[in-house]
Structures are given as structure tokens and as C-alpha cells.
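Quick note, the sequence shown lines up with residues 567 to 778 if you use my numbering. Notes to accompany the following structure.
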Amino acid sequence: MEGELLIRDLLILPSLVLPILYLIGFTKHGRAYKVFTAYLTFIAILQCILVVYALYKENNHFLFTYYFIGQFLFMSLFYYFLLKKKWIWWVMVIVLIALGFQYILAPASFINFNSFGVSITQSIIVLYALLYYYKCLSEKAIFLLLNTGILFYFLTSILFFASGNLMLDLNLPQQTLLQFEYINDFLYLTFMLLIFLEWYRNYRPKKHKKTT
């Protein structure tokens, strides 16, 4: 249990620090940078809410819906500004309508892990990341480390989150479920590290040499 709490603490810390780092020089960078900073802020706020629910031992599964839908919206806007494709707006609208119908027809999916919603939204983000790699072959690459982190984490998390209900239905031993959580936590920390490296290499404030 202590090891699990330590990992959770390690996950919360970068989620709180990264938006602060990206807010430095917020007005100096483009719209894609601003959208991604808003995404990091959204994640930080959600992490804080999760901690509050955990402290009061309240069920917080419903927050997962806000997490993956909010993530989809912010990431779609991020790649809209990078790829400059108007059809991304139509994809956003169609997916949101589809999810809306799903929640109307199956309200229980709001409380449970929504395997359908996670699979669709994160697969689309993975597609955007691949399209951006292709675009970088002929244009100057920005956010390359960040794009690598998005592709790596979203691709692997599809397998974890999309199979969430299945793993619960199989009644797997608690220790086995914890192992899956540890792996996902490690992948998330790797994602956070790449986000930090992107900021450190390309967006941290540079010290100007003094001239004599």
C-alpha cells in the first residue's frame, strides 16, 4: 500500500508542476502551445479533485468521463493548430455526438470505465500524432518530443483503459490489477518526462549573456 501511495504522489507532483512551467512565457508562444498549456492545467485541476475524493473515500469513477472527453477536446485543438486541417473540427463534433448518444442509451457508462469512448477518442489522437510525424518530414518540426510522448502514451493507454471493464469482469486477483496499474503509472511518468524535456529544450527562459 505504501508503494502504491508513493507512486500516486509521484504522479500528482509533475501534473501540478508542468502547467506552472508552461505558463512561463505563455503569451510569447503560439496557439498550439497555449492550448497544450490549458490541457496541462485541466489535468492538474482534475488531479486535485481526485485527491479530494480519495481523502473522503468517495467514488470518483465518474470523473474519468470528464478526463477523457476533456483530453480529447484539448488534444484535438492542439493538433488542429499543428496540422491546420479543418476536418478535425468535424471529427470533434461527430465524436461528441456519438458519445452523447451513448450516455443517453447507456447511462451506466458514465459511472463505469467507458471502453468505447476511450478507444475512439485516444485512437483519433494517435492518428493525429502519426499525421503530424508525416508532416514533419517536409516541414520544420516543433513539439517533436511532445508528439513522441503523446503517441507513446496514448497508444499504450488505449490497451489499459479500453480493457478496464473487461479486467473487472474477469475478477482478476487484486495483485494482478495492481501490476497493470503500476505499468500504466510508469508509462504516464514517462509521458510527463517527455513533456518536461520539450519545455526544457525549447521553451524554458534563456539566460542572455551580458555584454561588456
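Note that the Cβ used here is the ideal one computed from N, Cα and C, for glycine as well. Predicted model, so just to flag it, every value in this text is computed and none were measured.
Residue i in three-state terms, based on DSSP
i, result
"E764", "helix"
"K701", "helix"
"L579", "helix"
"E624", "coil"
"K594", "helix"
"P673", "helix"
"I724", "helix"
"F707", "It should be pointed out that residue 707 corresponds to Ala in this sequence rather than to Phe. A707 falls in the coil class under three-state DSSP."
"N678", "coil"
"Y646", "helix"
"Y769", "coil"
"K600", "helix"
"M758", "helix"
C-alpha distance - residue i paired with residue j, whole-angstrom precision
i, j, result
"F679", "L616", "15 Å"
"V661", "I691", "12 Å"
"S642", "L621", "33 Å"
"L696", "V583", "28 Å"
"T722", "K623", "29 Å"
"L648", "A598", "7 Å"
"G636", "S675", "16 Å"
"T593", "Q668", "39 Å"
"L625", "K706", "Per the sequence shown, the amino acid found at residue 625 is Asn instead of Leu. Cα to Cα, N625 sits roughly 46 Å from K706."
"L717", "H627", "25 Å"
"K701", "P771", "28 Å"
Minimum C-alpha distance to residue i - residue among the options
i, options, result
"Y754", "K772, R770 and L712", "L712"
"Q688", "L671, Y645 and A707", "Y645"
"I586", "K772, W765 and T631", "W765"
"T607", "I578, F628, N625 and C702", "I578"
"S681", "I724, W655 and I716", "I724"
"I609", "I708, T631 and S581", "S581"
"I761", "Y719, V659 and M658", "Y719"
"Y632", "Y699, K773, I749 and L665", "L665"
Presumed contact (8 Å Cβ cut-off) between residue i and residue j, rounded CB distance
i, j, result
"G683", "F640", "Not confirmed; about 15 Å, so no contact."
"G591", "Y769", "7 Å"
"L629", "L612", "7 Å"
"G715", "F752", "Not a contact, Cβ separation roughly 13 Å."
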